[in-house]
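J.:
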Amino acid sequence: MHRPITTLLAIMTCALFFPAQQTSGHFVTGLQPGLSASGYITVPHNARLTGNPNLIGTMPVTGVTVEAWIRYTEITPNFAALYPTIARAGETNWSWFLRVNAAANGARILQWNVSNQTPTGGGGVHPLTYAFGPGELACWTHVAGTWDNVTGESKLYVNGVLAGSRIAPGPLRDAGSTFLIGNGRFSQSAEIWNGDIDQVRVYSTVLDEATIRGVMFLPLFGFPGLEAEWLLDGNALNNTGNTVYDGTEVNTVTYTAAAAPQFLEYQTNGQGATLRFDGQSASGECDNVLTMAFGQTAVLALSSDVPAGFPFQIVVTLGEALVPLSGAGIATANGQILNVNLASPGLTPIFAGTGALWPGGQFMAPVTALPVPAIAGIQFVIIDPSHADGFSLSAGVTVIVQ
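Sequential numbering from 78 applies to the sequence shown in our numbering.
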């Protein structure tokens with residue numbers, strides 16, 4: 078016997094909380110040099126950006142955290158290895174870098190790499206990687222790398238979720254070299270970023286996973302350990318008030334007004350619940366907005382890796398688009414996002430049942446033509462005992478009929 082819509086929504090509501098006020102208005106421009114240009118930003122060397130703790134007479138450096146919002150335009154290699162770089166501490170003998178390793182074959186590998194110096198004088202490089210899918214980083218994506226001077230642990234985060242960790246003991250190398258944004262080497266166009274970069278931050282402390290998720294949306298000033306922040310809103314200036322971190326544009330840097338990064342607006346909530354609407358997957362597109370012609374019919378296809386037999390339903394807000402997280406979306410304690418408005422008078426369940434066909438199968442549901450004009454937000458939820466929330470949410474789709 079499946080649970081009715083009211084029971085499922087009650088379960089969801091009890092497990093959800095409203096996040097702190099989010100601000101994304103400063104995500105309005107980005108750095109877009111592209112491989113056809115040579116523009117990037119340099120910042121004079123400062124040891125506090127390297128993560129190296131061997132500083133005398135200053136506030137202690139307990140490690141380093143680097144975070145940025147990015148959009149990446151995938152590259153077709155032309156017989157050359159490409160390493161589009163977001164930020165790098167040290168043009169030569171670097172301390173750390175955050176980049177995509179496209180190599181010579183168009184590989185999709187996000188890389189956080191630290192270069193350490195052991196107490197005996199040796200050292201090495203210690204990369205962490207995240208393999209991303211086609212088009213995955215074409216959407217605004219938050220990336221962060223950390224290194225802890227006490228534990229020697231290095232970590233890579235994607236959209237506030239730990240993607241990998243390893244031990245890299247010993248202080249990080251500091252050769253007194255220039256800090257770069259949007260390029261890895263002065264002389265190598267192969268390392269210029271291809272896409273957008275926004276809101277680059279460097280801390281002289283180690284932020285944990287919960288803190289990264291807590292600050293990634295927020296404007297910060299006077300935050301403990303925040304050394305420098307480049308908003309890239311029309312200039313390369315540091316936003317923390319310390320002019321020693323002001324950047325200098327090299328060649329042509331183009332600042333382009335763009336929509337604010339909308340992290341997890343219509344995100345993949347995992348394979349526990351995947352929704353496809355008329356062939357469009359709600360699992361990775363930047364905005365998941367589907368425009369249909371008047372009179373056009375469509376098909377909803379649900380899939381899940383949750384064992385068969387658990388209740389599910391498709392929830393629709395008629396007359397309303399999905400609610401973005403930056404507005405009034407609701408986040409669970411475990412990172413899922415509910416984008417349908419539970420208070421909407423147009424909230425309607427259109428299907429409910431049990432997952433008899435999954436894992437491995439699909440539940441297909443026809444959708445009749447909608448009147449003009451029409452707009453609706455659609456999201457799929459399934460009871461999932463294996464998930465910490467007790468349920469799994471799909472990404473959502475906003476459907477516009479015109």
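Ideal placement from N, C-alpha and C gives every residue a C-beta, glycine not left out. Since the structure is predicted, the reported quantities are computational estimates derived from the model, not experimental observations.
Relative to the alpha-carbon of Asn489, which residue among Ala184, Trp173, Met369 and Gly183 has its alpha-carbon at the smallest distance?
T.: The requested residue 489 is not part of the displayed model; the chain covers only 78 to 479.
J.: For Tyr322, which of helix, strand or coil comes out of DSSP?
T.: Position 245 of the sequence shown holds residue 322. In the structure shown, Tyr322 sits in a helix (DSSP, three-state: H, G or I).
J.: Regarding Glu286 and the ligand MG, is the C-beta to nearest heavy atom distance less than 7 angstroms?
T.: The ligand MG is not part of the structure shown, which contains no ligands of any sort.
J.: State buried or exposed for Val478, treating a residue as buried only when at least 16 other CB atoms are found within 10 Å of its CB.
T.: The residue given as residue 478 occupies position 401 in the sequence shown. Burial call: buried.
J.: Output yes or no for whether 8 angstroms exceeds the beta carbon distance between Leu379 and Phe389.
T.: Stepping through the sequence shown from its first residue, residue 379 is reached at position 302. Stepping through the sequence shown from its first residue, residue 389 is reached at position 312. Contact flag set, yes.
J.: For the putative contact between Gly396 and Gly430, defined by C-beta atoms under 8 angstroms, what is the C-beta separation to the nearest angstrom?
T.: Working through the sequence shown from its first residue, we reach residue 396 at position 319. Working through the sequence shown from its first residue, we reach residue 430 at position 353. Rounded, the Cβ-Cβ distance is 25 angstroms, inconsistent with contact.
J.: Helix, strand or coil, according to DSSP, for Thr282 in the structure here?
T.: As a working mapping, residue 282 is identified with position 205 in the sequence shown. The answer is coil: DSSP assigns Thr282 none of H, G, I, E or B.
J.: Are the Cβ atoms of Ala145 and Val277 separated by less than 8 angstroms?
T.: Within the sequence shown, residue 145 is the residue found at index 68, counting from 1. Within the sequence shown, residue 277 is the residue found at index 200, counting from 1. Yes. Within cutoff.
J.: Look at the Cβ atom of Glu168, then the Cβ atom of Ser254, and state whether they are nearer than 8 angstroms.
T.: Here residue 168 corresponds to residue number 91 of the sequence shown, with the count starting at 1. Here residue 254 corresponds to residue number 177 of the sequence shown, with the count starting at 1. Yes, the Cβ-Cβ distance between Glu168 and Ser254 is below 8 angstroms.
J.: Specify the secondary structure class of Glu213 as computed by DSSP and reduced to three states.
T.: Looking up residue 213 in the sequence shown gives position 136. Three-state DSSP puts Glu213 in a helix.
J.: According to DSSP, simplified to helix, strand and coil, what is Ser113?
T.: Position 36 of the sequence shown, counted from the start, is the residue given in the question as residue 113. Bear in mind that a pLDDT of 40 at Ser113, under 50, signals an unreliable position, so the number given afterwards is only what the model happens to contain. DSSP places Ser113 in coil when its eight states are reduced to three.
J.: With H, G and I counted as helix, E and B as strand and the rest as coil, what does DSSP make of Val330?
T.: To locate residue 330, count along the sequence shown from 1; it is residue 253. The answer is coil: DSSP assigns Val330 none of H, G, I, E or B.
J.: Have a look at Val202, Ala433 and Asn418 and flag the residue whose alpha-carbon is nearest the alpha-carbon of Ile455.
T.: As a position in the sequence shown, residue 455 is number 378, starting the count at 1. The candidate whose alpha carbon is nearest that of Ile455 is Asn418.
J.: Taking DSSP as the reference, what is the three-state secondary structure of Glu144?
T.: Within the sequence shown, the letter at position 67 stands for residue 144. Strand at Glu144.
J.: Contact between the segment 176-190 and the segment 225-237 is defined here as three or more beta-carbon pairs at a separation below 8 angstroms; is this criterion met?
T.: Yes, the segment 176-190 is in contact with the segment 225-237.
J.: How would you label Met441, buried or exposed, when you count the other beta carbons within 10 angstroms and need 16 or more for buried?
T.: Stepping through the sequence shown from its first residue, residue 441 is reached at position 364. Burial call: exposed.
J.: Report yes if the C-beta distance between Arg148 and Asp273 is below 8 angstroms; otherwise report no.
T.: The residue labelled residue 148 in the question sits at position 71 within the sequence shown. The residue labelled residue 273 in the question sits at position 196 within the sequence shown. Yes; because the gap between Cβ atoms is below 8 angstroms, this pair is in contact.
J.: His203: which of Ala164, Gly116, Pro246 and His219 sits nearest, CA to CA?
T.: To locate residue 203, count along the sequence shown from 1; it is residue 126. The option with the nearest alpha carbon to His203 is Pro246.
J.: Within 10 angstroms of its Cβ, does Ser381 collect 16 or more other Cβ (buried), or is it exposed?
T.: The sequence position of residue 381 within the sequence shown is 304, counting from 1. By the neighbour-count rule (16 or more Cβ atoms within 10 Å), Ser381 is buried.
J.: Name the one or two DSSP bridge partners that Thr150 has.
T.: Position 73 of the sequence shown, counted from the start, is the residue given in the question as residue 150. Looking at the DSSP assignment, Thr150 forms no beta bridge with any residue, so it has no partner.
J.: Rounding to the nearest angstrom, what Cα-Cα distance links Cys216 and Gly241 in this structure?
T.: As a first step, residue 216 is located in the sequence shown; it is residue number 139 there, counting from the start. As a first step, residue 241 is located in the sequence shown; it is residue number 164 there, counting from the start. Approximately 21 angstroms, taken between the alpha carbons.
J.: Which value, in whole angstroms, describes the spacing of the CA atoms of Thr409 and Leu399?
T.: One-based indexing of the sequence shown puts residue 409 at position 332. One-based indexing of the sequence shown puts residue 399 at position 322. The straight-line gap from Cα to Cα measures roughly 16 angstroms.
J.: Determine, using beta carbons only, whether Pro161 and Arg185 come nearer to each other than 8 angstroms.
T.: On the sequence shown, residue 161 is found 84 positions in, with the first residue counted as 1. On the sequence shown, residue 185 is found 108 positions in, with the first residue counted as 1. Against a cut-off of 8 angstroms, the Cβ pair of Arg185 and Pro161 comes out as no contact.
J.: As a quick exercise: from Val321, Leu303, Ala267 and Pro137, pick the residue whose alpha carbon is nearest that of Ile163.
T.: The count along the sequence shown starts at 1 and reaches residue 163 at position 86. Of the candidates Val321, Leu303, Ala267 and Pro137, the one whose C-alpha sits nearest the C-alpha of Ile163 is Ala267.
J.: Opposite Gly386 in the DSSP bridges: which residues?
T.: To locate residue 386, count along the sequence shown from 1; it is residue 309. Answer is none; Gly386 lacks a bridge partner.
J.: With distances taken Cα to Cα, identify the nearest neighbour of Val283 among Asp225, Leu314 and Asp275.
T.: Sequence index remark: in the sequence shown, residue 283 carries index 206 (1-based). The shortest C-alpha separation from Val283 is found at Asp225.
J.: By the three-class DSSP mapping on this structure, what secondary structure does Val417 have?
T.: Translated into positions along the sequence shown, residue 417 becomes position 340. Residue state, collapsed to three classes: coil.
J.: What separation, rounded to the nearest whole angstrom, lies between the Cα atoms of Arg250 and Asn193?
T.: To locate residue 250, count along the sequence shown from 1; it is residue 173. To locate residue 193, count along the sequence shown from 1; it is residue 116. Rounded to whole angstroms, Arg250 to Asn193 spans 5 angstroms at the Cα level.
J.: Taking the straight line between their C-alpha atoms, what separation do you get for Ala181 and Ile152?
T.: Residue 181 sits at position 104 when you count from the first residue of the sequence shown. Residue 152 sits at position 75 when you count from the first residue of the sequence shown. So the alpha carbons of these two residues sit roughly 10 angstroms apart.
J.: Per DSSP, what kind of secondary structure is Val292 in: helix, strand or coil?
T.: The residue given as residue 292 occupies position 215 in the sequence shown. Reduced to three states, the DSSP call for Val292 is helix.
J.: If I'm right that Leu257 touches Arg165 with Cβ under 8 angstroms, what's the distance once you round it to whole angstroms?
T.: Looking up residue 257 in the sequence shown gives position 180. Looking up residue 165 in the sequence shown gives position 88. Between Arg165 and Leu257 the Cβ distance is about 5 angstroms, and since that is below 8 angstroms, they are a contact.
J.: Quick check: what's the CA-CA separation for Ala287 versus Gly412?
T.: Counted from its first residue, the sequence shown places residue 287 at position 210. Counted from its first residue, the sequence shown places residue 412 at position 335. Distance between the alpha carbons of Ala287 and Gly412 is about 10 angstroms.
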